[in-house]
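Inspection log for the structure reproduced underneath, given as structure tokens.
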Amino acid sequence: MPVEIDIRKVLDTATTAAREAGALQKERLWSEHTLSYKGEVDLVTEVDRACEELIVNRISGVFPGHSFLAEENQYPEGDPGLRWIVDPLDGTTNYAHGFPWFCVSIAFEKEGEILAGVVYHCMMDELFSAAKGEGAFLNGRRILVSQRAPLRQSLIATGFPYDIARDNENNFENFIELQLAARGVRRAGAAALDLACVAAGRLDGYWECKLKPWDVAAGTLLVQEAGGKVTNHAGAPYSVYDHRILASNGAIHKEMLSILGRGAAR
Ligand code: IPD
Ligand code: CA
Ligand code: CA
1 MPVEIDIRKV LDTATTAARE AGALQKERLW SEHTLSYKGE VDLVTEVDRA CEELIVNRIS
61 GVFPGHSFLA EENQYPEGDP GLRWIVDPLD GTTNYAHGFP WFCVSIAFEK EGEILAGVVY
121 HCMMDELFSA AKGEGAFLNG RRILVSQRAP LRQSLIATGF PYDIARDNEN NFENFIELQL
181 AARGVRRAGA AALDLACVAA GRLDGYWECK LKPWDVAAGT LLVQEAGGKV TNHAGAPYSV
241 YDHRILASNG AIHKEMLSIL GRGAAR
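With UniProt numbering applied, the sequence shown covers 1 to 266.
Rendered as structure tokens:
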């Protein structure tokens, strides 16, 4: 028997959890943080962990038995077909430095398909949300990708992996070539917000490599539901389990692909 999912209830729950976590992030932003390291530069603060606990508790209170794929912890396996993909604080390096550009990202996946996503930027009180087939919204108002082209007149964004100093897939060559081809490239430090900005037409394109599902699950749905295009760097359909993403307004996709497609691993 297929499980019936009330997508309104899913979105409402994700929204409540994201707003609560965002409030905590805002409240604690400029206080002293307890930092720990997941790698040489990959930080985690006590706020990342507290937000994840809050989000998981809030969601499992409403949907007991669902599964979680979240950044900071592992959870007992629930129904494998009903899974929440959570980045409790995307932009941790910014957060730890008091640079106010970070967000909460929560997505809901059913049988491998992302059906809903929410990205909350607490410092601007901006809640981006989307449900599959129902469009993308910012604080309840419909958003659409830009129509800007060509690439030369476009503002695009990227990011770099944490192991940049140790791995050849560091995105440097792509960065140089796209910086030369576009009007500008931003590296703001929160992948989910980069994607939300593409969805809202504030950025025209975004690419990155070596991301995790929780960085992109909500944001890719936002871009698709706002009329944009999301593929991997070879132009094939993108899954949140791929690690090379290209998201754009569609109009500059080919141009960006022609640059990204030149190098398989850089
Ligand atoms: C990071 C941010 C950053 C991206 C990194 C991610 P985190 O997530 O999204 O923009 O460039 O690759 O890992 O660690 O701040 O949640
Ligand atoms: Ca992240
Ligand atoms: Ca994170």
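The C-beta atom is built at its ideal place from N, Cα and C for all residues, glycine as well.
- prompt: Any heavy atom of ligand 3 closer than 7 Å to the Cβ of D167?
  reply: no
field: Whole-angstrom distance between R141 and I59, CA atom to CA atom
entry: 24 Å
message: Closest to K38 by C-alpha separation, out of G65, E71, Y75, would be which residue?
response: E71
task: Report whether the distance from the Cβ of D215 to the nearest heavy atom of ligand 2 is below 7 Å.
output: yes
message: Residues around ligand 3, please: the ones whose beta-carbon is closer than 6 Å to some heavy atom of it, in chain order.
response: D48, E71, D87, L89, D90, T92
T45 (DSSP reduced to helix, strand or coil): strand
- prompt: On the premise that E225 lies in contact with G135, defined as a C-beta separation below 8 Å, what is that separation, rounded to the nearest angstrom?
  reply: About 5 Å separates the two Cβ atoms, so the contact holds.
- prompt: Sorry if obvious, but does the Cβ on E208 come closer than 7 Å to a heavy atom of ligand 1?
  reply: Flag set: Cβ of E208 near ligand 1.
- prompt: DSSP on P237, reduced to helix/strand/coil?
  reply: Strand at P237.
query: Of all the alpha helix (DSSP H) runs that stay within the bounds of the stretch 158-184, which reach a length of 4 or more residues?
result: 172-181
field: Rounded separation between T92 and V44 - CA only
entry: 7 Å
message: Given this structure, state the Cα-to-Cα distance separating N174 from I259, to the nearest angstrom.
response: Those two C-alpha atoms are separated by around 7 Å.
message: Which same chain residues end up closer than 6 Å to V10 when comparing Cβ atoms and leaving out the 5 residues on each side of it in sequence?
response: F108, A116
- prompt: Where does T231 fall in DSSP's three states?
  reply: strand
Alpha carbon of G22 to alpha carbon of N94, nearest angstrom: 14 Å
field: A136 CB to nearest heavy atom of ligand 2 below 7 Å
entry: No, ligand 2 has no heavy atom inside 7 Å of this Cβ.
task: Would you mind stating whether I55 and P88 have Cβ atoms separated by less than 8 Å?
output: Yes. Within cutoff.
query: Apart from the five residues just before and just after L257, which ones in its own chain have a Cβ nearer than 6 Å to its Cβ?
result: G235
field: Sequence-distant residues of its chain with Cβ nearer than 7 Å to L222 (five each side left out)
entry: G117, V119, F128, A130, A136, L195, A196, A199
message: Please tell me whether D242 and N232 are closer than 8 Å, where the distance is taken between their beta carbons.
response: yes
field: Nearest candidate by alpha-carbon position, reference V47, set A191, E40, H33
entry: Scanning A191, E40, H33 for the CA closest to the CA of V47 turns up H33.
- prompt: Tell me which same chain residues have a C-beta within less than 6 Å of the C-beta of P161, skipping the five on either side of it?
  reply: K210
field: Proximity test, A21 beta-carbon vs ligand 2 heavy atom, cut-off 7 Å
entry: no
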